[in-house]
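In full-length UniProt numbering, the protein residues as written are 1 to 255.
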């Protein structure tokens with residue numbers, strides 16, 4: 001299989017940010033990539049922005065959903081059209097540093113990693129850093145990940161050549177977390193590269209800003225997706241809550 005990286009980008013009404021997202025991909029030192037942007041029936045100007053880029057650069061592929069189906073279905077449509085050995089995820093309001101793909105692919109080859117993730121930093125709506133970095137451990141297994149999703153979706157890359165399952169979003173809330181768990185449950189480790197190579201945009205609509213819903217969805221994953229017993233679910237949920245508190249206090253640099 002080739003060394004192509006397929007970048008999965010769902011998009012809905014992202015006129016304000018999609019240009020910066022695409023420019024961060026075009027600026028990559030690593031040139032073997034395709035960016036698959038799935039437009040989930042947007043009604044603003046983001047559609048024309050992406051089409052202009054795709055007309056100039058054949059690596060940028062625009063697909064429009066037949067109907068609005070949400071981020072999980074949009075990602076799955078992109079995955080169906082992905083040709084690369086590597087699968088990376090980048091939402092339409094987040095950005096990467098120019099060395100993100102080159103450094104992470106080299107890291108994965110060195111570690112023989114099937115799945116990897118990196119540290120990332122939070123930015124605001126004006127691309128300004130807000131003094132919060134999410135650092136990562138050297139590696140994580142299934143049981144550790146149950147204690148909290150420390151794998152930022154915008155940082156994850158999966159090597160399909162080494163994976164014995166289809167890469168597909170489940171449709172459950174926190175669908176990225178469900179996917180990571182399904183991979184690690186097979187015995188894989190996710191390897192962490194503790195360098196800030198991506199920037200997550202914190203907006204009023206960001207999922208991470210709704211702690212109550214996030215907690216409810218995490219509990220649902222324990223009980224209804226992973227089928228974990230009540231006692232063990234409580235144990236993992238307590239760890240999830242504690243880790244969430246620690247994460248919210250990290251400011252000013254890698255901790």
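From the three backbone atoms N, C-alpha and C, an ideal C-beta is built for every residue, glycine too. The model shown is predicted, which means the values in this text are computed figures rather than measured ones.
Per DSSP, what kind of secondary structure is residue i in: helix, strand or coil?
i: residue 255; result: In this prediction, residue 255 scores a pLDDT of 31, lower than 50, which makes its location untrustworthy; no coordinate-derived value is stated.
i: residue 132; result: strand
i: residue 244; result: helix
i: residue 18; result: helix
i: residue 25; result: helix
i: residue 145; result: helix
i: residue 139; result: strand
i: residue 61; result: strand
i: residue 238; result: helix
i: residue 35; result: strand
i: residue 91; result: coil
i: residue 101; result: helix
i: residue 163; result: coil
Which residues in the same chain have their Cβ closer than 7 Å to the Cβ of residue i, if we skip the five residues on either side of it in sequence?
i: residue 17; result: 92, 93 and 201
i: residue 77; result: 38, 63 and 65
i: residue 111; result: 191
i: residue 83; result: 4, 6 and 34
i: residue 19; result: 49
On the DSSP letters alone, give me the boundaries of the beta strand (DSSP E) that residue i sits inside.
i: residue 121; result: 115 to 123
i: residue 216; result: Here residue 216 belongs to no beta strand (DSSP E); instead the alpha helix (DSSP H) covers 211 to 220.
i: residue 8; result: 5 to 11
i: residue 159; result: 157 to 159
For residue i, I'd like the list of residues in its chain whose CB is within less than 6 Å of its CB, leaving aside the five on either flank, ordered along the chain.
i: residue 149; result: 177
i: residue 123; result: 129, 199 and 201
i: residue 241; result: none
i: residue 72; result: 169, 171 and 175
i: residue 157; result: 86, 88, 104 and 116
i: residue 162; result: 114
i: residue 26; result: none
The alpha helix (DSSP H) that contains residue i, what's its start and end?
i: residue 182; result: 175 to 184
i: residue 78; result: 71 to 80
i: residue 48; result: 46 to 56
Taking just the CA atoms, how far does residue j sit from residue i?
i: residue 153; j: residue 58; result: 25 Å
i: residue 151; j: residue 174; result: 12 Å
i: residue 8; j: residue 228; result: 30 Å
Tell me, please, which residues DSSP counts as bridged to residue i.
i: residue 198; result: 96
i: residue 193; result: 118
i: residue 86; result: 5 and 159
Between residue i and the rest of its own chain, which residues show a CB-CB distance below 8 Å, the 5 nearest in sequence each way excluded?
i: residue 183; result: 114, 115, 158, 163, 165 and 190
i: residue 147; result: 236, 239, 240 and 243
i: residue 219; result: 233 and 237
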